[in-house]
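Q: Residue numbers (this note's numbering): 56 to 404.
For every residue, glycine included, the Cβ atom is placed at its ideal position computed from N, Cα and C.
Keep in mind the model is a prediction, meaning the values are calculated, not measured.
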Amino acid sequence: MRKELLILFLLLPIACQKETISVCDSEKKLRDVADFRVGTTFDQFRGSLYLYGEVVGEHFNRISSENALKMDRTVLSYSEFDFFPYASLSREGKFNKLQAIHIHPVIWHKQVPKWLPDLPADSLESFLKNYCTKFREYLGYTDLLVVDGIDVVNEALNEDGSMRQSFWYQAMGKDFLTLAYKEFSKLDPAIKLFYNDYNLESNPVKLDAALDLCDWLREQGVRVDGIGMQMHITIHEPSISDMAAAVQKIIDRGYMIHFSELDISLNPYGKYDTATPELLNKQAERYYEVFRLYQEIPKDLQYGITVWGLADPYSWIPDTYARFDAPLILGESFEPKPAYCSCLNALEK
Ligand code: XIL
């Protein structure tokens, strides 16, 4: 069955066109229909689900920390850290019937304290060792939500497959990865360790480099369980056959797969200032394809799908790219969009 994925998805766009845009059975919720974890994010208010936790728990069963655990939030000084947003997200998630939390990210080159990149190499390495140890120890609290997995390193690669010249890499070479995965390998193996990056679904050179990097890490004796494909895609690209080829490659190399930050932009070129029915329907078709593709991954390699934001008004895209967009599956007032229905339909096949 594993080998058939690509062929199936070359045919899918033709096969599913008519069925995708249908009315939702409003009683059905994504979290109940999916037999893998479905997650979202909602933490722009410093690690709190306080306002809309109930809506999150109605549709999803896992929460990813969107911003709450980035170093600009957690690092107070060279040796003082604040992981409370993890506790807060977990407590509120549990209260709102979520089942698990996904930790995103431990190491990234963005959203860090201003002084951090200027540290001398040896101080930066000591800082990182201490940070990973304290973070790992903090995740040991038992009364909180289950930790399903961790994006240990985020976005370490360039588009041409070379290592990104981040301040981490410049100071430590690839040791910054080994050191971090080694520390988190001490956790229960039920907590899956990921390498997370963007464009892996569309850029085979970058995907090959990510897989080689993960193989290399395993050769160093540390644990890496899976690949996070961010999946910030659009209604136009990449093609479903390109995405299927990427997924197939990861399956063949034996890594788990997380569609970790899924959103589907309907206005990538900034041409529109509102979501027309045509755009919403096109977007629904694309969500259908993506969920169908995920459904075909062998169960033991499925970690789940996370959509990057609870509802359109909370998406990162309009802010970051200064344009109108509505890339998520719930709308302005948290109503299920056609995209939500097509995710349900895809999973019910
Ligand atoms: C984004 C958040 O969604 C925004 O709120 C924040 O302003 C910037 O970061 N890749 C990642 C995520 O790995 O951490 C980013 O999240 C989106 C791109």
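For T129 and A226, I'd like the C-alpha separation in whole angstroms.
A: One C-alpha to the other measures close to 21 Å.
Q: Would you call N116 buried or exposed, if buried means 16 or more other Cβ atoms sit within 10 Å of its Cβ?
A: Buried: at least 16 other Cβ atoms inside 10 Å.
Q: Does the Cβ of T331 have 16 or more other Cβ atoms within 10 Å, making it buried, or fewer, making it exposed?
A: With fewer than 16 Cβ atoms within 10 Å of its Cβ, T331 is classed as exposed.
Q: Does any heavy atom of the ligand XIL sit closer than 7 Å to the C-beta of N213?
A: No - the ligand XIL has no heavy atom lying nearer than 7 Å to the Cβ of N213.
Q: Measuring straight from C-alpha to C-alpha, what distance separates A366 and V345?
A: If I take the Cα positions, the gap works out to 18 Å.
Q: Look up D318 in the DSSP assignment and give the residues it is bridged to.
A: D318 is bridged to H287.
Q: With a threshold of 7 Å, establish whether the CB of H159 neighbours any heavy atom of the ligand XIL.
A: Correct: H159 has its Cβ closer than 7 Å to the ligand XIL.
Q: Under the rule that 16 or more other beta-carbon atoms within 10 Å means buried, what is S132, buried or exposed?
A: Per the 10 Å Cβ criterion, exposed.
Q: Do you know how far the Cα of N322 is from the Cα of P382?
A: Cα-Cα distance, rounded: 8 Å.
Q: Alpha carbon to alpha carbon, how far is C79 from R341?
A: Those two C-alpha atoms are separated by around 16 Å.
Q: By Cβ distance, which residues of its chain are closer than 6 Å to F389, with the 5 residues on each side in sequence left out?
A: V110, A366, listed in sequence order.
Q: Cα separation between G108 and R146?
A: G108 and R146: Cα-Cα distance of roughly 11 Å.
Q: With 16 other CB atoms within 10 Å as the buried threshold, where does G148 fall?
A: Buried, because 16 or more other Cβ atoms sit within 10 Å of the Cβ of G148.
Q: Whole angstroms are fine: how far does the CA of A142 sit from the CA of D198?
A: Computed Cα separation, rounded: 10 Å.
Q: Between I290 and S397, what straight-line distance do the alpha-carbon atoms span, to the nearest angstrom?
A: About 14 Å.
Q: Taking only heavy atoms of the ligand XIL into account, decide whether any of them is closer than 7 Å to the Cβ of N258.
A: N258: no, Cβ never under 7 Å from the ligand XIL.
Q: What does the alpha-carbon distance come out to for the pair S320 and V260?
A: Approximately 24 Å between the Cα atoms of the pair.
Q: Quick one, are the C-beta atoms of L171 and I118 less than 8 Å apart?
A: Cβ atoms of L171 and I118: not closer than 8 Å.
Q: Let me check understanding here. Comparing Cα to Cα, which of S294, A265, E292, S296 lies closest to G281?
A: Of the listed residues, the one whose Cα sits closest to G281 is A265.
Q: Using only the heavy atoms of the ligand XIL, determine whether one of them is closer than 7 Å to the beta carbon of N405.
A: Absent from the model: residue 405. The displayed extent of the chain is 56 to 404, so no value can be given.
Q: Exposed or buried, T75, counting other C-beta atoms within 10 Å across all chains shown (16 or more means buried)?
A: Any reading at T75 is ruled out, since the residue's pLDDT is 44, under 50, leaving its predicted position unreliable.
Q: How long is the line joining the alpha carbons of C269 and D98, rounded to whole angstroms?
A: Those two C-alpha atoms are separated by around 29 Å.
Q: When the Cα atoms are used, what is the spatial distance from E180 to L194?
A: The straight-line gap from Cα to Cα measures roughly 21 Å.
Q: For the ligand XIL, I want to know if E387 counts as a neighbour, meaning its beta carbon is within less than 7 Å of at least one of the ligand's heavy atoms.
A: Answer for E387: no, Cβ out of range of the ligand XIL.
Q: Please state the DSSP three-state secondary structure of L174.
A: Coil, per DSSP.
Q: Could you pull out every residue in the same chain whose Cβ sits closer than 7 Å to the Cβ of C362, ignoring the five residues on either side in sequence?
A: Residue identity differs from the one stated: residue 362 is Val in this sequence, not Cys. Excluding sequence neighbours, V362 sits near T95, L317, D318, L383, I384.
Q: Could you tell me which of K337, F139, G276, L124 sits nearest to I205, measuring between CA atoms?
A: Per the Cα distances, L124.
Q: Please name the residue or residues paired with L248 in a DSSP beta bridge.
A: DSSP lists I205 as partners of L248.
Q: Give me the DSSP bridge partner(s) of T361.
A: G94.
Q: Give the straight-line distance between the Cα atoms of Q285 and Y253, rounded to the nearest whole angstrom.
A: If you take the alpha carbons of Q285 and Y253, they lie about 5 Å apart.
Q: Kindly provide the ranges of any alpha helix (DSSP H) runs that are 4 or more residues long and lie completely inside the segment 128-158, ordered along the chain.
A: If we require 4 residues or more, the alpha helix (DSSP H) runs fully inside the segment 128-158 come out as 139-150.
Q: Taking 7 Å as the cut-off, is the C-beta of N254 nearer than that to any heavy atom in the ligand XIL?
A: Outside the cutoff, so no.
Q: If I measure Cβ to Cβ from G216 and keep anything under 7 Å in the same chain, skipping five residues before and after, which residues do I get?
A: Within the same chain, G216 has close Cβ partners V260, K261, D263, A264.
Q: So what does DSSP say about S119, is it helix, strand or coil?
A: Reduced to three states, the DSSP call for S119 is strand.
Q: Does L402 pass the burial test, meaning 16 or more other C-beta atoms within 10 Å, or should it be called exposed?
A: Buried: at least 16 other Cβ atoms inside 10 Å.
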